[in-house]
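Comments concern the structure below.
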Amino acid sequence: MENPVKEIIEKQVLTVAKAVEDKLDEEIAALDRLDLDDIEVLRERRLQQMKKMAEKRSRWMSLGHGEYSEIQSEKDFFSVVKASERVVCHFYRENWPCKVVDKHLSILAKQHIETRFVKIHAEKSPYLAEKLRIVVLPTLALVKNAKVEDYVVGFDELGGRDDFSTEELEERLAKAEVIHFEGESSLRASKLKSQSRSVRQSSNADSSDSE
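Per the working numbering, the sequence shown starts with residue 1, numbered consecutively.
Here you go:
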C-alpha cells in the first residue's frame, strides 16, 4: 500500500509547480501582448527618468553635495540652506565629541548625495547659535526647504556613547526625513554585499582546491 504522507507531499509539490507554471504563462502572455510601440514607450519613459536623475546628481554635485565641507561664515549658512532642499549642519568646536561626528558625517556625505552635509564653528557664529538655540555641542541642525525641522543634540539619541555606529546616525537622520532611506541602512546593505562577495569567492576557492 502506498504511503499516504508521501502521496500528500507529491500532490502539494505538483500543486505548487502548477501555480508557478501558470504564473509564468501569465507573464509570457502579458509580454506577448506588448507590441513594439508599447516597448518603445516604456524604454523612452525609463530613459527620461535616468536623464532627470543624472541632471539632479549633476546639480547636487555643483552645489557641493557628496562631500562634507565647512561653512566659513554665518552668511554662507543662509546661502547653503536656500540652495539645497536638504541640509545637515554640524555646529561644532574643537573637541573630541565633535571629531567623532565629523568622522560619521564624512562617510554619510558620500553615501547620501541627495543631502548637503556641512559644519560651522559655533563659537565663531554667535548670531546663528543664538537664533537656533545651539547650547550643547555637537548639535546637528536638520534643515528641509530652508527651515530647521529637527536637531540631534549631543549623543543622547545615539545611545549616549561616543562609539555609536554610522548606521545609527544614518537611521536617526532618516527618521527626520533629511536623507533618502529605503528601509535598511545603505551602509549595512553595502557591507552585506561585500560579505556576500567574500563568501562566494571563498566557496569558489574551496571548490577549486577540492578539484
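Note that beta-carbon positions come from the ideal geometry of N, C-alpha and C, so glycine has one too.
Can you tell me which of the three DSSP states residue i falls into?
i, result
"PHE91", "strand"
"THR115", "coil"
"ILE120", "strand"
"ASP25", "helix"
"SER106", "helix"
"ALA176", "coil"
"LEU137", "coil"
"SER73", "coil"
"ASP32", "helix"
"ILE162", "The amino acid at residue 162 is misidentified as Ile; the sequence shows Asp. ASP162 falls in the coil class under three-state DSSP."
"LEU142", "strand"
Can you give the Cα-Cα distance for residue i and residue j, rounded to whole angstroms?
i, j, result
"LEU173", "GLU44", "35 Å"
"TYR151", "ALA54", "31 Å"
"PHE77", "LEU158", "26 Å"
"VAL87", "VAL13", "54 Å"
"LYS56", "TYR68", "19 Å"
"LYS99", "GLN48", "42 Å"
"MET50", "GLU130", "43 Å"
"SER185", "VAL135", "Reliability of the predicted coordinates at SER185 is poor, the pLDDT of 49 falling under 50, and no value is obtained from them."
"PHE164", "ARG59", "32 Å"
"LYS229", "LYS18", "Residue 229 lies beyond the residue range present for the chain, which begins at 1 and ends at 211; the question has no answer from this structure."
"HIS212", "ASP32", "Because the chain here runs from 1 to 211, residue 212 falls outside it and cannot be looked at."
"LYS124", "LYS110", "27 Å"
"ILE9", "LYS52", "52 Å"
"ASN3", "GLU168", "54 Å"
Using 8 Å for Cβ pairs, my map puts residue i next to residue j. What's the rounded Cβ distance?
i, j, result
"VAL178", "LEU142", "4 Å"
"ILE107", "GLY66", "Not confirmed; about 12 Å, so no contact."
"LEU128", "GLU74", "5 Å"
"THR15", "HIS104", "The pair is not a contact, with the Cβ atoms about 51 Å apart (cut-off 8 Å)."
"ARG116", "SER79", "Their Cβ separation, rounded to whole angstroms, is 11 Å, which puts ARG116 and SER79 out of contact at 8 Å."
"THR139", "VAL153", "5 Å"
Any beta carbon of chain C sitting closer than 7 Å to that of residue i?
i, result
"VAL41", "Absent from the structure is chain C; it holds one protein chain and no more."
Give every residue of the same chain whose Cβ lies closer than 8 Å to the Cβ of residue i, excluding the five residues on either side of it in the sequence, and list them in chain order.
i, result
"ASP102", "TYR68, HIS90, TYR92 and LYS119"
"ASP162", "TRP96, PRO97, VAL100 and PHE155"
"LYS82", "ALA146"
Given residue i, which residues of its chain have a CB within under 7 Å of its CB, disregarding the five upstream and five downstream residues?
i, result
"GLY64", "ARG116"
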